[in-house]
Every structure is written in C-alpha cells, then in structure tokens.
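Let me begin by presenting the structure, written as structure tokens, before commenting on it.
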Amino acid sequence: MEKHKNGFPVTHVLGFIMSLVLTFGALGVALKTSLPFTTIIWIIGSLAIIQAALQLYMFMHMNEGEDGTANTINVISGFLVAVVAVAGSIWVMSFGM
Amino acid sequence: MDINWHDLFIVGNPLILGSQIAILLSVIGIVALLTYLKRWKWLWREWLTTVDHKKIGIMYILAGVLMFFRGGVDGLMMKAQTSRPEMNFLDAQHYNEVFTTHGVIMILFAAMPLLIGIMNYVIPLQIGARDVAFPQLNALSFWLFFSGAMLFNISFVIGGSPDAGWAAYFPLAGKEFTPGIGNNYYAVAIQIAGIGTLISGINFIVTILKMRAKGMTLMKMPMFTWTSFIASVIIVSAFPIFTVALALMTLDRIFGTHFFTLSGGGMDMMWVNLFWLWGHPEVYIVVLPAFGMFSEVIATFSRKMLFGYKSMVFSVVGIALLSMLVWVHHFFTMGAGPAVNSVFSITTMMIAIPTGVKMFNWLFTMRKGRIEFSTAMLWALAFIPCFLIGGITGVMLAMSAADYQYHNTLFLVAHFHYTLIPGVVFAVFAGLYYWWPKMFGHMLNEKLGKIHFWLFTIGFNVTFMPMFFLGLDGAVRRSYTYSAESGFAPLFLVSAIGAVILALGFATFCYNIYWSARYADRNISNDPWNARTLEWATASPAPFYNFAKVPEVKTLDAFWYMKKHNEGLTLSDDEIKEIHMPSNSGLPFYMGIIFGITGFLLVFEWKLAALVAAVGIIIGLIIRSFDYNDGFHVTVDEIKETEKSWRSSDGKGVKNHVG
Ligand code: HEM
Ligand SMILES: [Cu+2]
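Protein chains in written order, with the numbering used here: chain A, 5 to 101; chain B, 88 to 746.
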C-alpha cells in the first residue's frame, strides 16, 4: 500500500463523479428516451456492470493486491451472493420457468 | 407538505395516552436525576462519546433489555386480547400494530443488540485484542442502531405504528392500501438501524481476521468467536439485500415509484422475495452467535474441551452457506410450482443436518463431564430439548406440500418462537449469567437466577406449546379474536396464563440485576467459573486496555492451557509497555442524532426538510475525513497501578479481589 498521505484523493473524486454520471445516465435513458424496452434494459444493465467494475477499482482497492487469497475469497463470495440474489430471484419470480 | 397536525400525536386511546404520559414522566425524571446528581459530564465523557468496545457492548445490552421489555409488553397485550373469545381489550387495528411492532422490535431491536452487545464485550477479549478493528466505527454502529430503534419506538405515540406485519408484505404495506405514515416508520427506522448492523458486521470480520493474539490460528479460535465471525459474514452478505429492498419501499411509499405496487407495473411478490432473501439469513445471524455462547457455557460447566471442534466449525460454515439458499420456504404458498418448491424444501431440510451435528457435539461434550448446574448451564441444558421441538416442527414446515396446511396458522408462530426463544433468548440469558462477572465485577445471584430460569422456561412452554395445537386446529395467526364456537378458548387461556409466568420470570431477572448490583459479593477472582478462554485471563471487569500483556496462544482453550501449565499468568514490571488506545469522539453520537432527525422528517414526508437535515449527515462525514486524531498512550505507571489492584503483590496468581 502507498504511504499514508494527506494529499488530494484524485481517484476517489474521479470515481465518485463517474459513478454519478453513470447513474444519471441510466436514469436518463430509462426515463427520458423512447427506446424499445429491451434496448433500455440492455443499456442500463451494461451501465450497471461498468459502474460495479469502476467502484471495485476506485474505492474497493481491488488492485492493491496485498493479500491475494483474501481478495479472491471476497470476490468469489460476493459473486455467489449476487448470483443467488439475482438469478435466484428471477427463477423464483418467474415460477420456475 | 401538508400534514394533519391532529395525526401527529395519537389521541383518544387510553392505553396510548397512558404511555405518552409515562414516557414524558420518565424523560423528565431522567433529566432531573442526571442534573441533580451532576452526572451530565460523566454521561458524555464515559458513555456517549466512548469508543471502548466494552462500554459499547454494555450500552447495546442495556438497549436490548429495554427493547425486550417493550416487545414483551406487546406480546402480553396480544396474549391478553386472545385469552378469551371476543375480548374487547385491543381492536383489530391496534392488534395489527401490536404484532407488527412486537415482531420488528423483538428481532431487530432486542435479539440483535443483545447478541451484538455480548459479541462486542466478549470477542476482543476472547481473541486477545485491545479493541475492535475500527473503534469509532463501532460507536457509529451503536448510535445508528439506537437512533433507528428510538425512531421506530416513538411511532406508537407520534404518527401511528406500522401495521402490516413484521414482514410488511406488499401490496398491503404500500401507499395504496396503507396510506397513513405508520409504515414509513418501518421503511426508514429499520434502514437506519440496518446501516449500523452492516457496519458492525464488517467491523467484526476485520477484527477477527486481523487482531487475534499471537499464535491464535483460525482453528484455535474459541467457538463463540467462530460463530460470531460467520454470523458477521452472513450480515455482510444478506443485509445489503434488505437495504435495497427498504430503499425501494421508501421510494414507493414516499416518492411514488412502482416497484412493489399493484398498479404501474410493480411486482408485489418481489418484496416478499427480497425480504426473505434477507429474512432467512437473518434468523441464522441471530442464532449462530447464540450457538457459540452455548458452546462456551457447555464446555466450561462440563469441565471438558468442546467435543468435535472441527466438525462444529464445518457445520457452522455449512449452515451459513445453506442459510442463503432456503428463503422461498417462507412463501411456498405463492405457488411457484413444483420445481421451485421442491428445491427449497430440500435445501431447508438439509439445514437440519449441520444443526444436528452441533446438537450431538454438545451432548458428547457433556458426556462423562463433571457437569456443574450453574444458572448459565441450566439455560444451555433447557435449550437442547426446546430447540429440538422448534427444529423438528421446522422440518415439518419445510415440506412444501404440507406447508399449505400449516401456513399462516399459529403452528408456525409456535414453531418460530420455539426456535427464537430457546435459540436466542435462552442463549442471551446464559451468556449474561456467564459473562456478567467479567462485565461488572460481580455475579448475578444464582438463587434468583434459578427462579428466573424455572419461571421462564415453564412459562415459555406453557405459552407456546398450546399454540401448536391451536394452529393444527385451524387458528390463524395475526387474528385479533375468535368465536366461542371455534372451541379454541381453553388452549388460548392456557397460553395466556403461560405468558404471565413468562413475564414473572423476566421480572425476576430484572430484580436480579438490581439485587446483584447492590448486594452481590465483589470478592470474586478474575476467573470465577474456572473457564477456558482468554477473556478470563484479565481482571473482572476488564481494564479499558483489556490486557496489560497480550497472552500468547498455544492451543485451543488457551486460558485453560495457561492455567494447567502455569504459563503466562504472571506479569513482571519489565513486561509492561505503553499501550496505544483510541480517543473518544462525539461524532458517532452526533451522527445518530442527525440520522434520527432526517429519518423523522422523511417519515412525515417533509422531503425538503429531510434534505436539509441530510446535509448534516454530509457534514459529519466531512468532519470525520479531516480527523487526524491518532489516539493516546497509556503510561507504564498507570498500567502498573491498575494491574496491581487485582494481581497479588508477589507477582504470582491473583488476589481474590477485584478493584
Ligand atoms: C416474550 C414472550 C413472547 C410472547 C408472549 C410472544 C407472543 C407473540 C404473539 C402472541 C404473536 C402473534 C401471534 C399472532 O399472529 O396473532 C407473536 C408474533 C411474533 N413474535 Fe413473539 N412473543 C414473545 C417473544 C418473541 C421473541 C423473543 C421473538 C424474536 C426474537 C418474537 C418474534 C415474533 C415475531 C417475528 C412475530 C410475528 C409478528 C408478525 O406476525 O408480523 N417473539 N409473538
Ligand atoms: Cu426461513
């Protein structure tokens, strides 16, 4: 890790602004355009994934791989929870179709 | 922003008027007492701004006991209302509010803080640490929890309580069917407390992974530390789901979106799905630390090492994994079809396997042990058969086809009380009797403890056993009354009598706290139970820096090993070094208040005002990020002084006396 500095946190501010842009972009696409439904879903889905990746790097110190195994375990468990929650919900709420 | 001011204070109900007056009087009483005793500064310095995990733990426990009282009164009110057919004590609306607040308060504001409180006090001591990893964040957790709990609690006097059940199912919980502000309290107050819990989870994971004493590998951790660690992992996995669900609920109710509404393309059952995606893991969040406490208590009072430590660890991890995969068993009757329901039936039944493993481990720990029937041990002993009943009826409910019959009856209510009360409440009592001397330097009275135990366990069984049979006879849950022709009356009456016995048990406990604080012997050693884990290696109550010298761990049950080999029990002057400790901070308390105010304004849908208040939250965050306070150092002399007060002067062993 870098030495403790009291300098300006450039990456954090940049990450924050980009997250806002991506979020409001998604909102704009969903509310203010008249694209077909599936297109909208694809666009906002992609924006969400981009933002997730962005946050992992800008805020979650993904690249500061000091402790490799811990990071791997974290990513895997986070991924599992996401799969269970998203895929599970879709499966259950579509009544097993 | 037009609010009907008449709605603000609930008027016209004598019960609520009585509570309003009681609340007002107690607030005045407390303020007057503090002023009279000149204790304001003390309160601020020692408690409100503390970052000490032990004091935070005690505040959690105190809040939990108070909330248990509140939730218990709700329970008694329901039991009074259903004690006879066609009673007129509570009307339907009031009964709805009471079971809703009872459920939320018992689980989120009583069980959770009692467990997190004990975790806070005990875990750093058990792993030989001086505090949690992020002490100030820990204080923030507490104040957010407290703020959320208080916000939720004032609902019944200001604005009206939520009334859509503790699971707040849509569409009922939505604006269309419940236009009042009661359910806003649910959405907002639980959110605030939930942020606190999530932060706690992160804090405990880091603490346990990073701050263990030298030599304590993962497989040498005490069982309570293990189960709390896994519970924290589940918190971090499951609470974000609830955070999102509650945020969507807030948007639906306050900002007019349509996530869960019937109209506008909403999906009401999606709320149910998300709620239980969090809700089922939540029951394991509360029950796992409790299992850990029973493990410590049973090992200590059987004078044996925990049987099958490794299989215990694996079954806890297994329970954690499975706990994320069973949520649909709460709504089999949605009718998601045979594939979905069968899968979730099977995963649910599979949880019984690791749980059964743990049961047998406890039994084998006791086998051939020299069992000492202390009050703490009695709770652990009673837990086993009572929880077994809860577990077996759980397997019955897990069969999705059969669940169509049990669903929404008092059979279910009896089932989950048979898991939550033995599994959590008994455990908390066991833990409190066991760790009380460590927390306060005196024991709780054992004789009163046993009266408490017998009244509570007998009362518990008499209250809830009849509810199984009522449920099988067709008595539905959440129903405020029943007819004389139904034939339910005798069992309901028995159940109500049981609730009174239960309440007497709790009253005995409260009296025990009072009695012991006044009269109990202070001449106890640091290790009154002849226990096995590190928290007993330091003074009782533990000094604020926990350990003058952090012990080195060689085996499981590290303190037992130290005692048997007479290693590391003494402290020579040259071993004492300065200790670095974190400084107090008023910021977490401030954050609790500002979150509470923002939440309150949001509940009343005064959006602009809430936005303005939210600026206060941002300010708090900014202040925190410019806070470079690195704590302070405890001098060697001060440590010497403190240690001398409980260690005997020749440096060997301890005095039989605590400061
Ligand atoms: C202390 C004694 C207790 C009594 C007398 C009691 C009594 C009751 C009663 C009568 C009901 C409602 C039954 C109905 O549907 O009409 C209920 C519901 C419930 N109780 Fe308890 N209970 C107690 C303790 C607890 C504890 C310790 C917990 C959790 C840790 C708990 C959690 C719940 C929950 C979640 C509900 C469901 C609320 C709902 O339907 O939305 N109870 N209880
Ligand atoms: Cu469940």
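Note that CB positions come from ideal geometry on N, CA and C, so glycine has one too.
Checklist entry - Leaving out the 5 sequence neighbours to the left and right, which residues in its chain are closer than 6 angstroms to residue 655(B) when beta-carbon positions are compared? => result Correct list, in chain order: 638, 649.
Item to check | Proximity test, residue 88(A) beta-carbon vs ligand 2 heavy atom, cut-off 8 angstroms | outcome: Residue 88(A): no, Cβ never under 8 angstroms from ligand 2.
Item to check | Range of the contiguous beta strand (DSSP E) that encloses residue 719(B) | outcome: Counting along the chain, the beta strand (DSSP E) containing residue 719(B) begins and ends at 719-721.
Checklist entry - Tell me which same chain residues have a C-beta within less than 7 angstroms of the C-beta of residue 22(A), skipping the five on either side of it? => result The residues are 58.
Next on the checklist: Contact criterion: CB-CB distance below 9 angstroms. Does residue 99(A) meet it with respect to chain B?
Outcome noted: Interface criterion met: the Cβ of residue 99(A) is under 9 angstroms from a Cβ in chain B.
Checklist entry - Which runs of the alpha helix (DSSP H) fall wholly inside the region 322-366 of chain B and span at least 4 residues, in chain order? => result List check, alpha helix (DSSP H) in window: nothing returned.
Checklist entry - So is residue 84(A) in contact with chain B if we call contact Cβ pairs under 9 angstroms? => result Judged by the 9 angstroms Cβ criterion, residue 84(A) is in contact with chain B.
Checklist entry - Shorter than 9 angstroms from the beta carbon of residue 17(A) to some beta carbon of chain B? => result It does not: the Cβ of residue 17(A) has no partner Cβ on chain B nearer than 9 angstroms.
Item to check | C-alpha gap between residue 687(B) and residue 238(B), whole angstroms | outcome: In a straight line, the C-alpha of residue 687(B) is about 7 angstroms away from that of residue 238(B).
Item to check | C-beta neighbour in chain A for residue 313(B), strict 9 angstroms | outcome: At least 9 angstroms separates the CB of residue 313(B) from every CB of chain A.
Checklist entry - Is DSSP giving residue 530(B) helix, strand or coil here? => result In the structure shown, residue 530(B) adopts coil according to DSSP, grouped into three states.
Item to check | Contacts that residue 33(A) makes with chain B (C-beta to C-beta distance below 7 angstroms) | outcome: None at all; the shortest Cβ gap to chain B is about 17 angstroms.
Checklist entry - Closer than 9 angstroms, Cβ to any Cβ of chain E: which residues of the region 299-310 of chain B, in chain order? => result Here the protein chains are A and B, and chain E is not one of them.
Item to check | Spatial distance of residue 5(A) from residue 708(B) (CA atoms) | outcome: Only weak support is given to the placement of residue 5(A): the predicted model assigns it a pLDDT of 36, under 50, and the value that follows is read from those uncertain coordinates. Rounded to the nearest angstrom, the two C-alpha atoms are 24 angstroms apart.
Next on the checklist: Tell me whether residue 281(B), by its Cβ, gets closer than 8 angstroms to a heavy atom of ligand 2.
Outcome noted: No - ligand 2 has no heavy atom lying nearer than 8 angstroms to the Cβ of residue 281(B).
Item to check | Contiguous beta strand (DSSP E) assignments of at least 3 residues, all confined to the region 594-672 of chain B | outcome: Within the region 594-672 of chain B, the complete beta strand (DSSP E) runs of at least 3 residues are 666-668.
Checklist entry - Which residues mark the beginning and the end of the alpha helix (DSSP H) in which residue 418(B) is found? => result Residue 418(B) -> no alpha helix (DSSP H), and no H or E assigned at all.
Item to check | residue 88(A) at chain B interface by Cβ criterion, 9 angstroms | outcome: For residue 88(A), the nearest beta carbon of chain B is closer than 9 angstroms to its own beta carbon.
Next on the checklist: Just to confirm before moving on: does the CB-CB distance between residue 726(B) and residue 635(B) stay below 9 angstroms?
Outcome noted: In terms of Cβ geometry, residue 726(B) and residue 635(B) form a close pair [threshold 9 angstroms].
Next on the checklist: Using a Cβ-Cβ cutoff of less than 6 angstroms, which residues in the same chain neighbour residue 744(B) once the five nearest sequence positions on both sides are dropped?
Outcome noted: For residue 744(B), the predicted model reports a pLDDT of 41, less than 50, meaning its position is unreliable; a value from the coordinates is still stated below. Excluding positions up to five away in sequence, the list reads 610.
Checklist entry - For residue 563(B), which beta-bridge partners are listed by DSSP? => result Residue 563(B) is bridged to 496(B).
Next on the checklist: Using the Cβ count rule (16 or more neighbours within 10 Å means buried), how would you classify residue 7(A)?
Outcome noted: Because residue 7(A) carries a pLDDT of 45, less than 50, the predicted location of this residue cannot be relied on, and the following value inherits that uncertainty. Residue 7(A) should be labelled exposed.
Item to check | Cβ separation of residue 150(B) and residue 200(B), assumed to be a contact under 8 angstroms, to the nearest whole Å | outcome: Sure, about 5 angstroms apart at Cβ, within 8 angstroms.
Next on the checklist: At a threshold of 8 angstroms, does residue 193(B) count as lining ligand 1 (C-beta to nearest heavy atom)?
Outcome noted: Using a cutoff of 8 angstroms, the CB of residue 193(B) counts as near ligand 1, since one of the ligand's heavy atoms is closer than that.
Checklist entry - Counting by C-beta, which residues lie closer than 7 angstroms to a heavy atom of ligand 2, in chain order? => result Ordered along the chain, the selected set is 363(B), 366(B), 367(B), 370(B), 413(B), 414(B), 416(B), 417(B).
Checklist entry - What number of angstroms, rounded off, separates the C-alpha of residue 33(A) from the C-alpha of residue 48(A)? => result Each residue's Cα considered, the two are about 7 angstroms apart.
Checklist entry - According to the Cβ coordinates, are residue 228(B) and residue 683(B) closer than 9 angstroms? => result Not in contact: residue 228(B) and residue 683(B) (Cβ atoms no closer than 9 angstroms).
Checklist entry - Between the region 359-387 of chain B and chain A, which residues of the former have a C-beta closer than 9 angstroms to a C-beta of the latter? => result Those residues of the region 359-387 of chain B placed with their C-beta closer than 9 angstroms to a C-beta in chain A are 360, 361, 364, ordered along the chain.
Checklist entry - Cα separation between residue 640(B) and residue 620(B)? => result Answer to the nearest angstrom: the Cα atoms are 10 angstroms apart.
Item to check | residue 544(B) and residue 513(B) closer than 9 angstroms at C-beta | outcome: Contact: yes.
Checklist entry - Using the beta-carbon count (16 or more within 10 Å), is residue 627(B) buried or exposed? => result Looking at its Cβ environment, which holds 16 or more other Cβ atoms inside 10 Å, residue 627(B) is buried.
Next on the checklist: Let's test the definition: count the other Cβ atoms within 10 Å of the Cβ of residue 363(B) and tell me whether it reaches 16, buried, or not, exposed.
Outcome noted: It counts as buried.
Checklist entry - Taking Cβ positions, are residue 480(B) and residue 555(B) nearer each other than 9 angstroms? => result In contact: residue 480(B) and residue 555(B) (Cβ atoms closer than 9 angstroms).
Checklist entry - So, is residue 333(B) buried or exposed, given that buried needs 16 or more other C-beta atoms within 10 angstroms? => result Of the other Cβ atoms in all chains shown, 16 or more fall within 10 Å of the Cβ of residue 333(B); this residue is therefore buried.
Item to check | Own chain residues within Cβ distance below 6 angstroms of residue 288(B), not counting five before or after | outcome: Cβ neighbours of residue 288(B) beyond the five flanking positions: 319, 322, 323.
Next on the checklist: At the level of alpha carbons, what is the spacing between residue 615(B) and residue 99(A)?
Outcome noted: Straight through space, the alpha carbons of residue 99(A) and residue 615(B) are spaced by roughly 57 angstroms.
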